[in-house]
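Here's the structure we're looking at; comments come further down.
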Amino acid sequence: MTPQRVFITGASSGIGAALAARYAADGATLGLLARRKDALDQLIATLPHPERHRAYAADVRDHAAIAAAAQAFLAHAGGCDVVIANAGISAGTLTEHAEDLAAFEAIIATNVVATAATFAPFIATMRAQSTPARLVGIGSVAGIRGLPGAEAYSASKAAVISYCESLRLELKPYGIRVVTICPGYIDTPMTRHNPYTMPFLMPVERFAAAAVRTIAAGRSYAVIPWQMGIVAKLLRLLPNALYDLAFSKAPHKPRQPAKVL
């Protein structure tokens with residue numbers, strides 16, 4: 001495989017860091033963005049050919065900062081083959097609590113609006129270049145059916161899934177493939193705070209390997225691990241009455257301030 005140029009947000013830990021390690025092992029040149037420059041520098045120091053890679057410290061809600069990082073990476077790498085809008089946050093939210101509106105706004109801004117802000121600076125270059133291009137949105141099985149106590153998170157991931165579907169149709173004539181990946185339960189710092197059983201929990205390194213294969217194939221949509229994909233399809237087919245009966249008493253994610261990773 002020809003070495004690729006890959007830009008990843010939320011790259012300092014969890015899924016983002018695992019994707020960076022997988023791509024670096026395959027010889028890619030990386031642009032890694034997250035809020036913590038020290039964590040990015042530490043990650044890059046562990047990767048093959050650290051001199052190839054660039055760290056960009058920014059909050060994904062700062063759209064000007066994302067655009068500046070994108071332009072800097074395009075200048076460094078001479079183009080970009082894969083952009084992964086991975087940055088995301090999660091927190092338990094309840095609409096009845098007015099103070100949770102701030103968490104709603106942060107989750108939507110980070111998980112949805114920042115995905116578009118991440119893709120936007122790359123599209124013109126990807127349309128002009130001759131190499132295959134991929135824009136990758138990270139959804140979630142939580143976006144397939146709304147979960148109690150996760151109103152903002154479920155809404156944000158449902159929005160990512162629909163947004164990427166629209167974008168896929170828009171960019172198909174230009175040869176840019178839009179890939180939606182919906183993780184199930186992946187063993188990361190974010191999920192380790194969940195106070196409930198997580199079926200089919202997957203090591204993050206295995207997730208990254210499967211995700212990279214999915215992206216390379218240009219698949220439009222994938223749930224990883226595949227077992228959660230079957231569960232998600234079954235849940236989508238359940239009538240509302242049966243779904244409500246099964247999940248109305250499901251455990252809630254703890255309410256807490258939403259922090260950008």
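Using full-length UniProt numbering, the first residue of the sequence shown is number 1, and each one after it goes up by one.
Ideal placement from N, C-alpha and C gives every residue a C-beta, glycine not left out.
Could you check whether residue j and residue i sit closer than 8 Å to each other, using their CB atoms as the reference points?
{"i": "CYS80", "j": "ARG22", "result": "no"}
{"i": "ALA58", "j": "ALA69", "result": "yes"}
{"i": "GLY92", "j": "ALA150", "result": "yes"}
{"i": "GLY139", "j": "VAL160", "result": "yes"}
{"i": "TYR185", "j": "PHE200", "result": "yes"}
{"i": "ALA55", "j": "ILE44", "result": "yes"}
{"i": "THR9", "j": "THR180", "result": "no"}
{"i": "ARG127", "j": "GLY218", "result": "no"}
{"i": "LEU40", "j": "SER12", "result": "yes"}
{"i": "PRO148", "j": "ALA216", "result": "no"}
{"i": "SER156", "j": "ILE107", "result": "yes"}
{"i": "PRO50", "j": "GLY27", "result": "no"}
Out of the options, which one is the CA nearest neighbour of residue i?
{"i": "LEU74", "options": "LEU147, ILE161, PRO225, GLN129", "result": "GLN129"}
{"i": "ILE176", "options": "VAL136, PRO203, ALA210, ALA158", "result": "VAL136"}
{"i": "VAL204", "options": "ILE15, LEU234, VAL231, THR214", "result": "ILE15"}
{"i": "VAL212", "options": "LEU171, ASP244, PRO183", "result": "PRO183"}
{"i": "LEU33", "options": "LEU169, GLY27, ALA25, VAL83", "result": "VAL83"}
{"i": "TYR174", "options": "ALA216, SER156, THR115, THR125", "result": "THR125"}
{"i": "ALA208", "options": "PRO3, PHE7, ALA17", "result": "ALA17"}
{"i": "SER162", "options": "LEU171, ILE144, ALA210", "result": "ILE144"}
{"i": "LEU19", "options": "THR188, ALA98, SER166, TYR243", "result": "THR188"}
{"i": "ALA120", "options": "ALA64, ASP100, LYS172", "result": "ALA64"}
{"i": "GLY146", "options": "SER166, ASN240, PHE7", "result": "ASN240"}
{"i": "PHE7", "options": "LYS172, THR115, ALA210", "result": "THR115"}
Given residue i, which residues of its chain have a CB within under 7 Å of its CB, disregarding the five upstream and five downstream residues?
{"i": "THR110", "result": "VAL60, ARG61, ALA87, GLY88, ILE89, VAL260"}
{"i": "VAL223", "result": "VAL141, CYS182, GLY184, GLY229, ALA232"}
{"i": "HIS76", "result": "ARG54"}
{"i": "GLN227", "result": "PHE200"}
{"i": "ARG168", "result": "VAL178, SER220"}
For residue i, is the classification buried or exposed, using 16 other Cβ atoms within 10 angstroms of its Cβ as the cut-off for buried?
{"i": "ARG236", "result": "exposed"}
{"i": "ALA72", "result": "exposed"}
{"i": "ALA152", "result": "buried"}
{"i": "ALA24", "result": "buried"}
{"i": "GLY78", "result": "exposed"}
{"i": "GLY31", "result": "buried"}
{"i": "SER166", "result": "exposed"}
Going by DSSP, what residue range makes up the beta strand (DSSP E) through residue i?
{"i": "ARG127", "result": "Element bounds for ARG127: not the beta strand (DSSP E) but the alpha helix (DSSP H), 114-128."}
{"i": "ARG219", "result": "It is not in any beta strand (DSSP E) - ARG219 carries neither H nor E in the DSSP assignment."}
{"i": "ILE176", "result": "176-183"}
{"i": "GLY31", "result": "29-34"}
{"i": "LEU135", "result": "133-138"}
{"i": "ALA45", "result": "Here ALA45 belongs to no beta strand (DSSP E); instead the alpha helix (DSSP H) covers 37-46."}
First and last residue of the alpha helix (DSSP H) that includes residue i?
{"i": "GLY250", "result": "Reading off the sequence shown, one finds Ala at residue 250, where the question assumed Gly. Careful: ALA250 lies outside any alpha helix (DSSP H) and carries neither H nor E."}
{"i": "GLY14", "result": "14-25"}
{"i": "LEU169", "result": "151-171"}
{"i": "ALA67", "result": "63-77"}
Excluding the 5 residues preceding and the 5 following residue i in the sequence, name in chain order all residues of the same chain whose CB lies nearer than 6 Å to its CB.
{"i": "MET202", "result": "ILE186, PRO225"}
{"i": "LEU245", "result": "none"}
{"i": "ARG52", "result": "THR29"}
{"i": "GLU170", "result": "none"}
{"i": "PHE247", "result": "none"}
{"i": "MET198", "result": "TYR185"}
{"i": "CYS164", "result": "GLY137, VAL178, THR180"}
Give me, in chain order, the residues of the same chain whose beta-carbon lies closer than 8 Å to that of residue i; leave out the 5 immediate sequence neighbours on both sides.
{"i": "LYS37", "result": "ALA55, ALA57"}
{"i": "PRO132", "result": "ASP81, GLY175, ARG177, GLY218"}
{"i": "ALA98", "result": "none"}
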